[in-house]
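Take any residue in the sequence shown, note its place counting from 1, add 1, and you have its number in my numbering.
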Amino acid sequence: MTNDYIYEIHGGRPLQGTIKVSGAKNSAVALIPASVLANSKVTIDGLPDISDVQTLRRLLEEVGIETSFVDGTMEIDPSGIVEMPLPNGDVKKMRASYYMMGAMLGRFGRAVIGLPGGCPLGPRPIDQHIKGFEALGAKVTNEHGAIYLRADELVGAKIYLDVVSVGATINIMLAAVRAKGQTIIENAAKEPEIIDVATLLTNMGAKIKGAGTNVIRIDGVDELHGTRHSIIPDRIEAGTYMIMAAAIGKGVTIDNVIPLHVEALTAKLREAGVVIEEGEEQIFIPERTEPLAPLDVKTLVYPGFPTDLQQPLTVLLTQADGTSVVTDTIYSARFKQVDELRRMGMKGRVEGNAAVITGPVELEGAAVRATDLRAGAALVMAGLLAKGKTHIYDVYHIERGYSDLIEKLNEIGADIRRVPKKEEIVTNE
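Written out as structure tokens, the structure reads:
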């Protein structure tokens, strides 16, 4: 993991200009495994150049799939795939490697996948995935830290998800597209990334109806063929830039965004007094002239306010005039950024699954640690706002999910550098 350098941010420089959003991380990590199900070449355009994408590419090559990745376009030829277990190594580096379960199960009727890694966000069980695989006829066991999946035959089934889960919805789709008969997923997640994956699978020959609604119907087919697919823009990256523009922008255009996908954030920012102008694939946020109003925000599954934007939003709310409350109903342990932000002068505390933030305060540069991907984005934003110099450690978390973040922000006025890591920071236990 990229741990030999840190980010050094010289704060207080306003952002101005146009920043372009990359392809959606949460789509990319599912589209790449989905290509395993095809019998000929799949080409995916617009992929973000992030470490998670490179990790998945290596996983495909481990099982004999030829790949190339140039300028955001990945060519994947699964015709040489071999059925082999993936209990260790790269598979453990990222949580979304669990999509290899559904893909390999759908392709071979068997799979061995090491239990996934990724960001430590408290309990994030994969029980709904397993429930779906078992309903389709797979026997699932957990042996020595790996999930073993075996099915004589995958047969369509009616599956009700007890919890709305993007990962489980996509994983069951991957396993079901080549199963015998019809599969119905009820209480399915509705995220745009699910529609994106369903679009790829449909273009490969799958029969899927209802993606983007809470009931998805899949009629199994015998085989899937190659295709070409363009990924959707990353709504979380777009939202991160929107929040940064609201905090420290002097007129920022966010390019390559689908405004519909960030509606919940747009509504909350407007409630706080931020002016937002929407185009077809662009959002413009002019310089703020009025103080920010405090907010009460609850994260919900899509189309509600995304948990992935909760952490950057807490930074913006340090600038609001009053007390804000941010409640995370999805991941209750996702407030590790608060301790780090308090080093920078944030007035805030965590109460259960909520953060209470009082503003406005002037943040000051400090040495802080990115504990996970979106906490890292929040700390970058805090560094941009802060007076003086901020050092961010463990930036590999950030580079798992944001493509060219430093370069993009520097182009619109930020001053962020990668510098060699000198010493560890001491965290308060």
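We put the CB at the ideal spot given by N, CA and C, even for glycine.
In this text, all values refer to a predicted model and were calculated from it rather than measured experimentally.
Between which two residues does the beta strand (DSSP E) containing Asp256 stretch?
250–256
By alpha-carbon positions, which one of Arg151, Lys159, Thr300, Arg344 ends up nearest to Arg108?
Arg151
Given a cut-off of 8 Å on the beta-carbon distance, is the pair Ser28 and Glu238 in contact?
no
N-terminal and C-terminal residue of the alpha helix (DSSP H) that Ile399 is part of:
397–400
What does the alpha-carbon distance come out to for the pair Phe306 and Thr142?
35 Å
I believe Thr68 touches Asp46 by the beta-carbon criterion, under 8 Å. Please report the beta-carbon distance rounded to the nearest angstrom.
Wrong, their Cβ atoms sit about 14 Å apart, outside the cutoff.
Do the stretch 85–93 and the stretch 37–54 meet, that is, are 3 or more Cβ pairs less than 8 Å apart?
no
Along the chain, where does the beta strand (DSSP E) containing Val92 start, and where does it finish?
Val92 -> no beta strand (DSSP E), and no H or E assigned at all.
Leu122 versus Ala207: straight-line alpha-carbon distance, rounded
Below a pLDDT of 50, predicted positions are generally treated as unreliable, and Leu122, at 47, falls in that range; no measurement from the model is reported.
Sort out for me which residues DSSP pairs Met75 with in a bridge.
Ile45, Phe70
Mind checking Leu296: buried by the 16 CB within 10 Å criterion, or exposed?
buried
DSSP three-state assignment for Lys337, whether helix, strand or coil:
helix
Reference Met101, options Met174, Asn40, Ile219, closest by Cα:
Met174
Whose C-beta lies closer than 6 Å to the C-beta of Gln433 among residues of the same chain, with five residues either side of it excluded?
With the chain running from 2 to 430 in the structure shown, residue 433 is simply not present.
Unbroken alpha helix (DSSP H) run spanning Gln312, endpoints
311–317
List the endpoints of the continuous beta strand (DSSP E) containing Pro421.
417–421
Where does Lys132 fall in DSSP's three states?
helix
Using the DSSP secondary-structure output, state which residues sit across from Glu144 in a beta bridge.
Ala147
Rounded straight-line distance, which links the Cα of Asp395 to that of Ala378
12 Å
Determine the DSSP secondary structure at Lys191, reduced to helix, strand or coil.
coil
When you compare the CB positions of Leu266 and Gly240, do they come within less than 8 Å of one another, or not?
yes
So, helix, strand or coil for Ser98, using DSSP?
helix
Find the nearest neighbour of Leu386 within the set Leu342, Glu408, Ala355, judged by alpha-carbon distance.
Leu342
Measuring CB to CB, does Gly12 end up less than 8 Å from Gly274?
no
For Ala212: DSSP bridge partner residues:
Thr214
Quick check: the Cα distance between Leu261 and Gly280, rounded to an integer number of angstroms?
11 Å
Phe285 to Leu310 span [Cα, whole Å]:
18 Å
With C-beta atoms as the reference, is Glu76 less than 8 Å away from Lys26?
no
Using the beta-carbon count (16 or more within 10 Å), is Gly384 buried or exposed?
buried
Below 8 Å, can you find three or more Cβ-Cβ pairs linking the stretch 211–220 to the stretch 181–195?
yes
In the DSSP assignment, what residue or residues form a beta bridge with Thr328?
Lys299, Ala355
Return the CA-CA distance between Glu412 and Thr319, expressed in angstroms with no decimal places.
25 Å
Under 8 Å by Cβ, that's how I've got Glu326 and Val357 pegged, so tell me the actual separation to the nearest angstrom.
Position check: residue 326 holds Val in this sequence, whereas Glu was assumed. Yes, Val326 and Val357 are in contact; Cβ-Cβ is about 6 Å, under 8 Å.
Gln283, enclosing beta strand (DSSP E) - first and last residue
283–286
Residue span of the alpha helix (DSSP H) that contains Ile33, given as start and end:
26–35
CB contact flag (Lys181, Leu202, <8 Å)
no
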